[in-house]
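Below is one structure, written out as C-alpha coordinates; comments come after it.
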Amino acid sequence: MDNKYRLTMQGMTKQYPGCIANDGVTIKIKHGEVHALLGENGAGKSTLMKMLYGVVKPDQGDMFFNGRKMDIKEPADARELGIGMVFQHFSLFDALTVAENIQLAMPPGETISSLSGRIANISKEYGIEVDPAARIHNLSVGQQQRVEIVRCLLQDPKLLIMDEPTSVLTPQETEQLFEVLRRFAKNGLAVLFISHKLDEIRALTSRATVLRRGQNVGSVNTKGQSNRQLAELMIGTKVKDVARQKAPAKSKVLLSVNKLNRPKQNAFSVTLRDITIEARAGEIFGIAGIAGNGQDELMAALTGEWLGNELEVITLDGGDISSQGPAERRLAGMGFIPEERNGHAAVPSMSLADNALLTNHSLAGVVRGGLLDLVGMRTKAAAIAADFDVRLPEPNPLASSLSGGNLQKFVVGREIIKVPRVLIVSQPTWGVDIGAAVFIRAAMLDLVAKGSAVVMISQDLEEIFAISHRIAVLHEGVLSSAESATKLTAEKVGLLMGGSDALKDVAQDAAQDTVQGASA
0 MDNKYRLTMQ
10 GMTKQYPGCI
20 ANDGVTIKIK
30 HGEVHALLGE
40 NGAGKSTLMK
50 MLYGVVKPDQ
60 GDMFFNGRKM
70 DIKEPADARE
80 LGIGMVFQHF
90 SLFDALTVAE
100 NIQLAMPPGE
110 TISSLSGRIA
120 NISKEYGIEV
130 DPAARIHNLS
140 VGQQQRVEIV
150 RCLLQDPKLL
160 IMDEPTSVLT
170 PQETEQLFEV
180 LRRFAKNGLA
190 VLFISHKLDE
200 IRALTSRATV
210 LRRGQNVGSV
220 NTKGQSNRQL
230 AELMIGTKVK
240 DVARQKAPAK
250 SKVLLSVNKL
260 NRPKQNAFSV
270 TLRDITIEAR
280 AGEIFGIAGI
290 AGNGQDELMA
300 ALTGEWLGNE
310 LEVITLDGGD
320 ISSQGPAERR
330 LAGMGFIPEE
340 RNGHAAVPSM
350 SLADNALLTN
360 HSLAGVVRGG
370 LLDLVGMRTK
380 AAAIAADFDV
390 RLPEPNPLAS
400 SLSGGNLQKF
410 VVGREIIKVP
420 RVLIVSQPTW
430 GVDIGAAVFI
440 RAAMLDLVAK
450 GSAVVMISQD
460 LEEIFAISHR
470 IAVLHEGVLS
480 SAESATKLTA
490 EKVGLLMGGS
500 DALKDVAQDA
510 AQDTVQGASA
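Using numbering that gives the first Met the number 0, you'd call the opening residue of the sequence shown number 0 and step up by one each time.
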(Lines of atoms letter the chains of each structure in order from A and count residues from 1; the text may use other names and numbers.)
(Lines give C-alpha, C1' and ligand atoms only; values in the text may rest on other atoms or scores of the structure.)
Protein backbone atom coordinates (compact mmCIF):
# COMPACT_ATOMS: atom_id res chain seq x y z
CA MET A 1 0.00 0.00 0.00
CA ASP A 2 1.29 3.48 -0.99
CA ASN A 3 2.62 5.10 2.21
CA LYS A 4 2.18 8.65 0.88
CA TYR A 5 -1.22 8.42 2.58
CA ARG A 6 -1.55 8.73 6.32
CA LEU A 7 -4.85 6.83 6.19
CA THR A 8 -6.51 4.62 3.59
CA MET A 9 -9.91 3.03 4.17
CA GLN A 10 -10.74 0.84 1.20
CA GLY A 11 -14.02 -0.90 0.33
CA MET A 12 -15.50 -0.32 3.80
CA THR A 13 -18.88 -2.02 4.15
CA LYS A 14 -21.23 -2.26 7.10
CA GLN A 15 -24.74 -3.65 6.89
CA TYR A 16 -27.50 -3.57 9.49
CA PRO A 17 -30.91 -5.29 9.18
CA GLY A 18 -32.68 -3.54 6.32
CA CYS A 19 -29.92 -0.96 5.82
CA ILE A 20 -26.46 -0.76 4.28
CA ALA A 21 -24.79 2.02 6.27
CA ASN A 22 -21.53 1.90 4.26
CA ASP A 23 -21.35 0.27 0.83
CA GLY A 24 -17.75 -0.14 -0.38
CA VAL A 25 -16.59 3.29 0.84
CA THR A 26 -13.02 4.38 0.14
CA ILE A 27 -11.29 7.41 1.66
CA LYS A 28 -7.62 8.44 1.47
CA ILE A 29 -5.98 11.15 3.56
CA LYS A 30 -2.45 12.42 2.91
CA HIS A 31 0.22 13.38 5.43
CA GLY A 32 -0.18 17.03 6.44
CA GLU A 33 -3.63 17.32 4.86
CA VAL A 34 -6.83 18.79 6.27
CA HIS A 35 -9.46 16.57 4.65
CA ALA A 36 -13.26 17.00 4.88
CA LEU A 37 -15.89 14.29 5.16
CA LEU A 38 -19.24 15.47 3.80
CA GLY A 39 -22.68 13.91 3.60
CA GLU A 40 -26.31 14.23 4.63
CA ASN A 41 -27.61 12.80 7.89
CA GLY A 42 -27.75 9.06 7.32
CA ALA A 43 -25.11 9.17 4.57
CA GLY A 44 -22.80 6.90 6.59
CA LYS A 45 -20.26 9.34 8.09
CA SER A 46 -20.77 8.21 11.68
CA THR A 47 -20.54 4.52 10.81
CA LEU A 48 -17.31 5.10 8.87
CA MET A 49 -15.77 6.96 11.82
CA LYS A 50 -16.90 4.26 14.26
CA MET A 51 -15.15 1.63 12.16
CA LEU A 52 -11.99 3.74 12.05
CA TYR A 53 -12.06 4.33 15.81
CA GLY A 54 -12.76 0.70 16.69
CA VAL A 55 -16.31 1.17 17.96
CA VAL A 56 -17.90 -0.85 15.11
CA LYS A 57 -16.47 -3.90 13.33
CA PRO A 58 -16.69 -3.67 9.50
CA ASP A 59 -18.27 -6.48 7.47
CA GLN A 60 -15.78 -5.91 4.66
CA GLY A 61 -12.92 -3.60 3.79
CA ASP A 62 -9.30 -2.90 4.64
CA MET A 63 -7.69 -0.08 6.63
CA PHE A 64 -4.09 1.09 6.25
CA PHE A 65 -2.22 3.55 8.46
CA ASN A 66 1.12 4.90 7.22
CA GLY A 67 1.02 2.19 4.54
CA ARG A 68 0.59 -0.70 6.98
CA LYS A 69 -2.59 -2.75 7.21
CA MET A 70 -4.26 -2.46 10.58
CA ASP A 71 -6.95 -4.24 12.56
CA ILE A 72 -8.65 -1.87 14.99
CA LYS A 73 -10.80 -3.80 17.45
CA GLU A 74 -11.38 -1.08 20.05
CA PRO A 75 -10.70 2.64 20.60
CA ALA A 76 -7.55 1.86 22.58
CA ASP A 77 -6.09 0.28 19.41
CA ALA A 78 -6.86 3.46 17.45
CA ARG A 79 -5.24 5.69 20.06
CA GLU A 80 -2.15 3.45 20.18
CA LEU A 81 -1.77 3.82 16.41
CA GLY A 82 -1.95 7.61 16.71
CA ILE A 83 -5.59 8.31 15.89
CA GLY A 84 -7.15 10.98 18.11
CA MET A 85 -10.73 12.22 18.07
CA VAL A 86 -12.31 15.41 19.41
CA PHE A 87 -16.02 14.75 19.71
CA GLN A 88 -18.79 17.28 19.12
CA HIS A 89 -19.96 16.96 22.74
CA PHE A 90 -17.11 17.42 25.20
CA SER A 91 -16.38 14.75 27.81
CA LEU A 92 -15.12 16.96 30.64
CA PHE A 93 -15.97 17.10 34.34
CA ASP A 94 -16.96 20.67 35.26
CA ALA A 95 -15.78 20.46 38.88
CA LEU A 96 -12.26 19.22 38.01
CA THR A 97 -9.26 21.20 36.80
CA VAL A 98 -7.85 21.03 33.29
CA ALA A 99 -4.96 18.84 34.46
CA GLU A 100 -7.25 16.53 36.45
CA ASN A 101 -9.51 16.02 33.42
CA ILE A 102 -6.57 15.24 31.15
CA GLN A 103 -5.03 12.89 33.72
CA LEU A 104 -8.14 10.66 33.48
CA ALA A 105 -7.27 9.87 29.85
CA MET A 106 -3.56 9.25 30.41
CA PRO A 107 -1.75 6.05 31.47
CA PRO A 108 -1.56 5.68 35.28
CA GLY A 109 1.46 6.90 37.20
CA GLU A 110 1.99 10.49 36.00
CA THR A 111 1.65 13.17 38.67
CA ILE A 112 -0.47 16.30 38.27
CA SER A 113 2.70 18.39 38.58
CA SER A 114 4.55 16.71 35.68
CA LEU A 115 1.38 16.58 33.58
CA SER A 116 0.77 20.30 34.15
CA GLY A 117 4.27 21.00 32.78
CA ARG A 118 3.57 18.93 29.66
CA ILE A 119 0.23 20.71 29.17
CA ALA A 120 1.96 24.09 29.38
CA ASN A 121 4.65 23.03 26.89
CA ILE A 122 2.33 21.63 24.24
CA SER A 123 -0.05 24.58 24.68
CA LYS A 124 2.82 26.92 23.91
CA GLU A 125 4.03 24.84 20.95
CA TYR A 126 0.65 24.96 19.20
CA GLY A 127 -0.49 28.37 20.38
CA ILE A 128 -3.35 27.01 22.49
CA GLU A 129 -3.59 28.92 25.77
CA VAL A 130 -4.67 26.53 28.53
CA ASP A 131 -4.21 26.97 32.27
CA PRO A 132 -3.68 23.48 33.80
CA ALA A 133 -5.00 24.67 37.19
CA ALA A 134 -8.23 26.23 35.86
CA ARG A 135 -11.50 24.51 36.68
CA ILE A 136 -13.59 23.53 33.67
CA HIS A 137 -16.75 25.35 34.80
CA ASN A 138 -14.80 28.64 34.71
CA LEU A 139 -13.75 28.18 31.06
CA SER A 140 -15.52 29.39 27.94
CA VAL A 141 -16.71 26.81 25.42
CA GLY A 142 -13.79 27.65 23.15
CA GLN A 143 -11.34 27.13 26.01
CA GLN A 144 -12.95 23.79 26.86
CA GLN A 145 -12.44 22.67 23.28
CA ARG A 146 -8.75 23.54 23.63
CA VAL A 147 -8.60 21.19 26.62
CA GLU A 148 -10.01 18.39 24.45
CA ILE A 149 -7.42 19.13 21.74
CA VAL A 150 -4.52 19.25 24.23
CA ARG A 151 -5.67 15.94 25.69
CA CYS A 152 -5.45 14.42 22.19
CA LEU A 153 -2.06 16.02 21.46
CA LEU A 154 -0.53 14.60 24.64
CA GLN A 155 -1.24 11.15 23.19
CA ASP A 156 0.97 12.03 20.18
CA PRO A 157 -1.63 11.59 17.40
CA LYS A 158 -0.74 11.30 13.72
CA LEU A 159 -4.36 11.72 12.60
CA LEU A 160 -6.83 14.03 14.37
CA ILE A 161 -10.57 13.62 13.75
CA MET A 162 -12.69 16.73 14.43
CA ASP A 163 -16.46 16.11 14.58
CA GLU A 164 -18.52 19.31 14.12
CA PRO A 165 -15.90 21.26 16.10
CA THR A 166 -17.23 24.79 15.48
CA SER A 167 -20.89 24.25 16.40
CA VAL A 168 -20.47 26.04 19.76
CA LEU A 169 -17.79 28.62 18.87
CA THR A 170 -17.89 32.32 18.01
CA PRO A 171 -16.46 33.36 14.61
CA GLN A 172 -13.34 34.60 16.39
CA GLU A 173 -12.87 31.28 18.25
CA THR A 174 -13.48 29.39 15.00
CA GLU A 175 -10.68 31.27 13.26
CA GLN A 176 -8.35 30.59 16.21
CA LEU A 177 -9.17 26.88 15.93
CA PHE A 178 -8.46 26.94 12.19
CA GLU A 179 -5.05 28.48 12.82
CA VAL A 180 -4.27 25.63 15.21
CA LEU A 181 -5.40 23.00 12.69
CA ARG A 182 -3.30 24.61 9.94
CA ARG A 183 -0.33 24.44 12.29
CA PHE A 184 -1.06 20.74 12.84
CA ALA A 185 -0.97 20.16 9.09
CA LYS A 186 2.32 22.06 8.69
CA ASN A 187 3.83 19.74 11.31
CA GLY A 188 2.81 16.71 9.23
CA LEU A 189 -0.33 15.69 11.11
CA ALA A 190 -3.41 14.77 9.11
CA VAL A 191 -6.80 16.21 10.08
CA LEU A 192 -10.18 14.72 9.18
CA PHE A 193 -12.75 17.51 9.50
CA ILE A 194 -16.48 16.72 9.68
CA SER A 195 -18.90 19.63 9.39
CA HIS A 196 -22.17 20.76 7.80
CA LYS A 197 -20.83 24.32 7.47
CA LEU A 198 -19.71 24.56 3.86
CA ASP A 199 -18.07 27.99 4.18
CA GLU A 200 -15.74 26.50 6.79
CA ILE A 201 -15.07 23.40 4.68
CA ARG A 202 -13.92 25.57 1.78
CA ALA A 203 -11.86 27.90 4.00
CA LEU A 204 -9.99 25.19 5.89
CA THR A 205 -9.74 21.97 3.88
CA SER A 206 -8.02 21.05 0.63
CA ARG A 207 -10.02 17.97 -0.37
CA ALA A 208 -13.31 16.35 0.61
CA THR A 209 -14.72 12.86 0.39
CA VAL A 210 -18.47 12.99 -0.21
CA LEU A 211 -20.85 10.26 0.95
CA ARG A 212 -24.43 9.83 -0.21
CA ARG A 213 -26.71 7.06 1.07
CA GLY A 214 -23.80 4.99 2.26
CA GLN A 215 -21.77 5.25 -0.93
CA ASN A 216 -18.69 7.25 -1.89
CA VAL A 217 -19.78 9.63 -4.67
CA GLY A 218 -16.41 11.27 -5.13
CA SER A 219 -13.38 13.08 -3.80
CA VAL A 220 -13.22 16.76 -4.77
CA ASN A 221 -10.90 19.75 -4.43
CA THR A 222 -12.83 21.95 -2.01
CA LYS A 223 -11.07 25.14 -3.12
CA GLY A 224 -12.52 24.69 -6.59
CA GLN A 225 -16.13 24.17 -5.45
CA SER A 226 -18.88 26.59 -4.46
CA ASN A 227 -21.15 25.95 -1.47
CA ARG A 228 -23.95 25.09 -3.88
CA GLN A 229 -21.81 22.57 -5.76
CA LEU A 230 -20.76 20.84 -2.55
CA ALA A 231 -24.33 20.77 -1.26
CA GLU A 232 -25.64 19.30 -4.51
CA LEU A 233 -22.95 16.61 -4.44
CA MET A 234 -24.13 15.69 -0.94
CA ILE A 235 -27.86 15.50 -1.65
CA GLY A 236 -27.83 14.56 -5.34
CA THR A 237 -30.35 17.23 -6.37
CA LYS A 238 -30.51 20.98 -6.96
CA VAL A 239 -30.49 23.11 -3.81
CA LYS A 240 -33.40 25.49 -3.34
CA ASP A 241 -32.54 29.14 -2.67
CA VAL A 242 -33.69 30.29 0.77
CA ALA A 243 -33.56 33.97 1.66
CA ARG A 244 -35.72 36.23 3.78
CA GLN A 245 -38.12 38.65 2.16
CA LYS A 246 -38.37 42.21 3.43
CA ALA A 247 -40.47 42.36 6.59
CA PRO A 248 -43.52 44.65 6.60
CA ALA A 249 -42.75 48.12 7.94
CA LYS A 250 -44.06 48.73 11.47
CA SER A 251 -46.17 45.56 11.53
CA LYS A 252 -48.13 44.53 14.62
CA VAL A 253 -46.24 43.30 17.69
CA LEU A 254 -47.41 39.71 18.21
CA LEU A 255 -45.14 38.76 21.11
CA SER A 256 -44.02 41.26 23.74
CA VAL A 257 -41.70 40.32 26.60
CA ASN A 258 -40.93 43.10 29.08
CA LYS A 259 -38.13 42.81 31.66
CA LEU A 260 -38.21 39.04 32.04
CA ASN A 261 -36.02 37.86 34.94
CA ARG A 262 -35.24 34.36 36.19
CA PRO A 263 -32.81 33.38 38.98
CA LYS A 264 -30.27 30.60 38.61
CA GLN A 265 -31.82 27.21 39.36
CA ASN A 266 -28.50 25.49 40.11
CA ALA A 267 -24.73 26.04 40.00
CA PHE A 268 -24.56 25.39 36.26
CA SER A 269 -27.62 27.34 35.07
CA VAL A 270 -27.76 30.99 34.02
CA THR A 271 -29.63 33.95 35.51
CA LEU A 272 -31.84 35.79 32.99
CA ARG A 273 -31.77 39.56 33.48
CA ASP A 274 -34.25 42.10 32.07
CA ILE A 275 -34.99 40.24 28.82
CA THR A 276 -37.02 42.40 26.44
CA ILE A 277 -38.38 41.10 23.11
CA GLU A 278 -40.80 42.51 20.56
CA ALA A 279 -41.51 40.07 17.72
CA ARG A 280 -43.61 41.49 14.92
CA ALA A 281 -45.92 39.96 12.34
CA GLY A 282 -44.07 38.91 9.21
CA GLU A 283 -40.59 38.68 10.76
CA ILE A 284 -38.11 36.21 12.14
CA PHE A 285 -36.55 37.56 15.33
CA GLY A 286 -33.16 35.83 15.59
CA ILE A 287 -31.41 35.32 18.93
CA ALA A 288 -27.73 34.40 18.52
CA GLY A 289 -25.42 33.15 21.24
CA ILE A 290 -22.98 30.46 22.32
CA ALA A 291 -24.49 27.44 24.06
CA GLY A 292 -24.81 27.79 27.83
CA ASN A 293 -25.58 31.51 27.92
CA GLY A 294 -29.23 31.18 28.94
CA GLN A 295 -30.83 29.70 25.82
CA ASP A 296 -32.46 26.81 27.68
CA GLU A 297 -33.70 29.10 30.44
CA LEU A 298 -35.11 31.61 27.94
CA MET A 299 -36.87 28.85 25.97
CA ALA A 300 -38.46 27.52 29.18
CA ALA A 301 -39.66 31.01 30.11
CA LEU A 302 -41.14 31.74 26.68
CA THR A 303 -42.95 28.40 26.47
CA GLY A 304 -44.40 28.69 29.98
CA GLU A 305 -42.48 25.70 31.35
CA TRP A 306 -40.83 28.08 33.83
CA LEU A 307 -43.23 30.73 35.10
CA GLY A 308 -42.07 33.99 36.64
CA ASN A 309 -43.46 36.40 39.23
CA GLU A 310 -46.53 38.62 39.04
CA LEU A 311 -44.47 41.65 37.92
CA GLU A 312 -43.52 40.02 34.63
CA VAL A 313 -45.50 40.87 31.51
CA ILE A 314 -45.63 38.63 28.43
CA THR A 315 -48.32 39.35 25.85
CA LEU A 316 -49.41 37.34 22.81
CA ASP A 317 -51.30 39.34 20.19
CA GLY A 318 -52.19 41.85 22.92
CA GLY A 319 -53.38 39.31 25.51
CA ASP A 320 -51.51 38.72 28.78
CA ILE A 321 -50.16 35.14 28.94
CA SER A 322 -47.62 35.72 31.74
CA SER A 323 -49.25 33.24 34.14
CA GLN A 324 -50.17 30.61 31.53
CA GLY A 325 -48.43 27.27 31.09
CA PRO A 326 -47.48 25.59 27.78
CA ALA A 327 -50.92 24.08 27.02
CA GLU A 328 -52.71 27.42 27.58
CA ARG A 329 -50.14 29.28 25.49
CA ARG A 330 -50.60 26.79 22.64
CA LEU A 331 -54.36 27.31 22.75
CA ALA A 332 -53.75 31.07 22.66
CA GLY A 333 -51.82 30.73 19.40
CA MET A 334 -48.20 29.78 20.14
CA GLY A 335 -46.13 26.92 18.77
CA PHE A 336 -42.94 25.51 20.29
CA ILE A 337 -39.98 23.59 18.87
CA PRO A 338 -37.43 22.82 21.61
CA GLU A 339 -33.76 22.09 20.92
CA GLU A 340 -33.83 18.46 22.08
CA ARG A 341 -36.01 16.57 19.62
CA ASN A 342 -35.65 13.20 21.38
CA GLY A 343 -37.47 13.26 24.70
CA HIS A 344 -38.52 16.92 24.71
CA ALA A 345 -40.06 17.59 21.30
CA ALA A 346 -40.91 13.95 20.59
CA VAL A 347 -41.19 10.67 22.49
CA PRO A 348 -38.92 8.16 20.68
CA SER A 349 -40.87 5.07 21.80
CA MET A 350 -44.19 6.42 20.50
CA SER A 351 -45.48 6.32 16.93
CA LEU A 352 -45.61 9.43 14.76
CA ALA A 353 -49.40 9.46 15.10
CA ASP A 354 -49.09 9.52 18.88
CA ASN A 355 -46.43 12.21 18.68
CA ALA A 356 -48.67 14.30 16.44
CA LEU A 357 -51.39 14.04 19.10
CA LEU A 358 -49.12 15.48 21.81
CA THR A 359 -49.48 19.04 20.55
CA ASN A 360 -52.45 18.70 18.17
CA HIS A 361 -55.15 17.22 20.39
CA SER A 362 -57.22 20.40 20.11
CA LEU A 363 -57.50 20.07 16.34
CA ALA A 364 -60.61 18.68 14.70
CA GLY A 365 -60.32 15.13 13.41
CA VAL A 366 -57.95 13.90 16.13
CA VAL A 367 -60.26 13.68 19.16
CA ARG A 368 -64.00 13.02 18.82
CA GLY A 369 -66.38 13.09 21.75
CA GLY A 370 -63.51 12.87 24.20
CA LEU A 371 -62.12 9.75 22.53
CA LEU A 372 -59.03 9.37 20.38
CA ASP A 373 -59.71 8.97 16.69
CA LEU A 374 -56.89 6.60 15.68
CA VAL A 375 -57.62 6.97 11.97
CA GLY A 376 -57.66 10.74 12.32
CA MET A 377 -54.35 10.68 14.22
CA ARG A 378 -52.66 8.60 11.54
CA THR A 379 -54.13 10.78 8.80
CA LYS A 380 -52.77 13.89 10.53
CA ALA A 381 -49.30 12.34 10.95
CA ALA A 382 -49.29 11.22 7.29
CA ALA A 383 -50.27 14.74 6.18
CA ILE A 384 -47.41 16.27 8.19
CA ALA A 385 -44.97 13.74 6.71
CA ALA A 386 -46.16 14.44 3.16
CA ASP A 387 -46.15 18.23 3.48
CA PHE A 388 -42.73 18.38 5.13
CA ASP A 389 -40.89 15.73 3.12
CA VAL A 390 -40.45 13.36 6.05
CA ARG A 391 -39.07 10.09 4.67
CA LEU A 392 -40.67 7.19 6.52
CA PRO A 393 -39.27 3.65 6.74
CA GLU A 394 -42.86 2.36 7.04
CA PRO A 395 -46.38 3.76 7.60
CA ASN A 396 -46.77 5.30 11.08
CA PRO A 397 -43.32 4.28 12.37
CA LEU A 398 -41.90 4.86 15.83
CA ALA A 399 -40.24 8.25 16.18
CA SER A 400 -37.00 6.47 17.13
CA SER A 401 -36.82 4.84 13.68
CA LEU A 402 -36.44 8.18 11.87
CA SER A 403 -33.10 9.84 11.15
CA GLY A 404 -32.37 13.04 13.05
CA GLY A 405 -33.16 15.22 10.06
CA ASN A 406 -36.45 13.51 9.28
CA LEU A 407 -37.61 13.60 12.91
CA GLN A 408 -36.73 17.30 13.06
CA LYS A 409 -38.78 17.97 9.90
CA PHE A 410 -41.72 16.13 11.47
CA VAL A 411 -41.48 18.16 14.70
CA VAL A 412 -41.26 21.40 12.72
CA GLY A 413 -44.18 20.36 10.52
CA ARG A 414 -46.32 19.38 13.51
CA GLU A 415 -46.08 22.97 14.82
CA ILE A 416 -46.19 24.91 11.55
CA ILE A 417 -49.17 23.01 10.13
CA LYS A 418 -51.31 24.76 12.79
CA VAL A 419 -50.14 28.21 11.54
CA PRO A 420 -49.43 29.57 15.04
CA ARG A 421 -49.46 33.33 15.55
CA VAL A 422 -46.02 33.04 17.18
CA LEU A 423 -43.56 30.17 16.80
CA ILE A 424 -40.76 29.81 19.39
CA VAL A 425 -37.97 27.60 18.07
CA SER A 426 -34.58 26.66 19.50
CA GLN A 427 -31.78 25.38 17.24
CA PRO A 428 -34.14 24.50 14.35
CA THR A 429 -31.47 22.87 12.17
CA TRP A 430 -29.12 21.53 14.88
CA GLY A 431 -27.37 18.40 13.61
CA VAL A 432 -29.36 18.12 10.35
CA ASP A 433 -27.94 18.01 6.85
CA ILE A 434 -28.07 20.77 4.25
CA GLY A 435 -31.17 19.40 2.53
CA ALA A 436 -33.23 19.25 5.74
CA ALA A 437 -31.86 22.63 6.88
CA VAL A 438 -32.95 24.31 3.66
CA PHE A 439 -36.42 22.77 3.95
CA ILE A 440 -36.88 23.82 7.60
CA ARG A 441 -35.71 27.39 6.99
CA ALA A 442 -38.02 27.71 3.99
CA ALA A 443 -40.94 26.48 6.12
CA MET A 444 -40.29 29.17 8.75
CA LEU A 445 -40.10 31.86 6.07
CA ASP A 446 -43.37 30.61 4.56
CA LEU A 447 -44.97 30.88 8.02
CA VAL A 448 -43.97 34.53 8.54
CA ALA A 449 -45.11 35.32 5.00
CA LYS A 450 -48.61 34.39 6.24
CA GLY A 451 -48.37 37.05 8.97
CA SER A 452 -47.02 35.04 11.90
CA ALA A 453 -43.89 35.85 13.90
CA VAL A 454 -41.00 33.49 14.64
CA VAL A 455 -38.57 33.82 17.55
CA MET A 456 -35.54 31.71 16.58
CA ILE A 457 -32.81 30.87 19.10
CA SER A 458 -29.78 29.59 17.17
CA GLN A 459 -26.04 29.09 17.58
CA ASP A 460 -25.60 28.95 13.79
CA LEU A 461 -24.58 32.42 12.60
CA GLU A 462 -25.01 31.45 8.96
CA GLU A 463 -28.62 30.54 9.75
CA ILE A 464 -29.17 33.67 11.83
CA PHE A 465 -28.04 35.95 9.00
CA ALA A 466 -29.73 33.94 6.24
CA ILE A 467 -33.32 34.20 7.47
CA SER A 468 -33.57 36.62 10.43
CA HIS A 469 -35.03 40.08 9.90
CA ARG A 470 -33.76 41.41 13.24
CA ILE A 471 -31.02 39.97 15.43
CA ALA A 472 -30.24 40.16 19.15
CA VAL A 473 -27.45 38.37 21.05
CA LEU A 474 -27.80 36.45 24.33
CA HIS A 475 -24.71 36.41 26.56
CA GLU A 476 -24.64 35.33 30.22
CA GLY A 477 -28.39 35.78 30.50
CA VAL A 478 -28.49 39.29 29.02
CA LEU A 479 -30.10 40.03 25.65
CA SER A 480 -28.69 42.84 23.53
CA SER A 481 -30.97 45.27 21.76
CA ALA A 482 -32.22 43.95 18.43
CA GLU A 483 -30.91 45.42 15.19
CA SER A 484 -31.78 44.90 11.55
CA ALA A 485 -29.87 41.96 10.07
CA THR A 486 -28.88 44.15 7.13
CA LYS A 487 -27.03 46.54 9.46
CA LEU A 488 -25.04 43.90 11.34
CA THR A 489 -21.89 41.95 10.50
CA ALA A 490 -20.81 38.51 11.62
CA GLU A 491 -17.81 40.13 13.33
CA LYS A 492 -19.98 42.43 15.44
CA VAL A 493 -22.37 39.63 16.39
CA GLY A 494 -19.39 37.40 17.20
CA LEU A 495 -18.00 40.05 19.57
CA LEU A 496 -21.36 40.29 21.33
CA MET A 497 -21.52 36.50 21.56
CA GLY A 498 -18.13 36.57 23.27
CA GLY A 499 -19.25 39.27 25.73
CA SER A 500 -18.21 42.67 24.39
CA ASP A 501 -17.97 45.64 26.74
CA ALA A 502 -21.26 47.06 25.47
CA LEU A 503 -23.16 43.96 26.52
CA LYS A 504 -21.32 43.77 29.84
CA ASP A 505 -22.50 47.33 30.60
CA VAL A 506 -26.09 46.23 29.99
CA ALA A 507 -25.57 43.24 32.31
CA GLN A 508 -24.16 45.44 35.08
CA ASP A 509 -27.05 47.90 34.78
CA ALA A 510 -29.56 45.04 34.91
CA ALA A 511 -27.86 43.49 37.94
CA GLN A 512 -27.84 46.87 39.73
CA ASP A 513 -31.56 47.34 38.99
CA THR A 514 -32.23 43.88 40.45
CA VAL A 515 -30.31 44.71 43.64
CA GLN A 516 -32.10 48.03 44.04
CA GLY A 517 -35.46 46.38 43.46
CA ALA A 518 -34.73 43.73 46.09
CA SER A 519 -33.61 46.31 48.68
CA ALA A 520 -36.67 48.42 48.04
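Think of the CB as a built atom: it goes at the ideal place given N, C-alpha and C, for glycine as much as any other residue.
Cβ-Cβ distances below 6 angstroms link leucine 478 to Ile274 and Ala471 in the same chain, with the five nearest sequence neighbours on each side left out; the list follows chain order. If you ignore the 5 residues before and after glycine 493, its C-beta comes within less than 6 angstroms of the C-beta of Thr169, Pro170 and Gln171, all in its own chain and listed in chain order.
Where glutamate 277 is concerned, there is no enclosing alpha helix (DSSP H), although the beta strand (DSSP E) around it starts and stops at 271-279. In the three-state scheme derived from DSSP, where H, G and I count as helix and E and B as strand, glycine 434 is classed as helix.
DSSP places isoleucine 234 inside the alpha helix (DSSP H), whose first and last residues are 226-234.
Here glycine 342 is exposed: its Cβ has fewer than 16 other Cβ atoms, across all protein chains shown, within 10 Å.
CA-to-CA, the gap between isoleucine 416 and methionine 443 works out to about 11 angstroms. The beta carbons of alanine 98 and arginine 150 sit no closer together than 8 angstroms. Excluding residues up to 5 positions away in sequence, Pro347 lie with their Cβ nearer than 6 angstroms to the Cβ of serine 399 in the same chain.
Each residue's CA atom was taken as its position, placing valine 421 and valine 256 some 13 angstroms apart. Taking leucine 37 as the centre and dropping the five residues before and after it, the same chain places the C-beta of Ala207, Val209 and Met233 closer than 6 angstroms to its C-beta, in chain order. Remark: C-beta atoms of glutamate 79 and glycine 434 do not approach each other more closely than 8 angstroms. Membership of leucine 95 in any beta strand (DSSP E) is not indicated, and neither H nor E is assigned to it by DSSP.
Taking 8 angstroms as the cut-off, the Cβ atoms of phenylalanine 64 and leucine 6 count as close. Note that the C-beta distance between isoleucine 26 and methionine 48 is not below 8 angstroms.
Annotation: the segment 310-378 contains the following complete segments of the beta strand (DSSP E) (minimum length 3 residues), in chain order: 312-315 and 333-336.
Comparing alpha-carbon positions, the option among Gly223, Ile200, Glu128 and Gly81 lying closest to aspartate 155 turns out to be Gly81.
When only Cα atoms are considered, phenylalanine 387 and isoleucine 456 end up about 21 angstroms apart. Judged by beta-carbon spacing, glycine 53 lies within the 8 angstroms limit of aspartate 76, meaning their Cβ atoms are closer than that value. The beta carbons of isoleucine 200 and methionine 161 sit no closer together than 8 angstroms.
Alanine 119 and proline 131 have their C-alpha atoms roughly 7 angstroms apart.
When the five nearest sequence neighbours on each side are left out, the beta carbons in the same chain lying within less than 7 angstroms of the beta carbon of asparagine 2 are those of Asn65 and Gly66, in order along the chain.
Short of 8 angstroms from the beta carbon of alanine 184, and not among the five residues preceding or following it, lie these beta carbons of its own chain, in chain order: Gly31, Glu32, Val33 and Val190. Annotation for glutamine 9: no alpha helix (DSSP H) segment contains it, though the beta strand (DSSP E) segment containing it runs 4-15. In the DSSP secondary-structure assignment, asparagine 220 is bridged to Arg206. Cβ-Cβ distances below 8 angstroms link isoleucine 466 to Val241, Ala242, Arg243, Ile283, Gly285, Arg440, Met443, Leu444 and Met455 in the same chain, with the five nearest sequence neighbours on each side left out; the list follows chain order. For the pair valine 129 and arginine 145, the CB atoms are nearer than the 8 angstroms cut-off.
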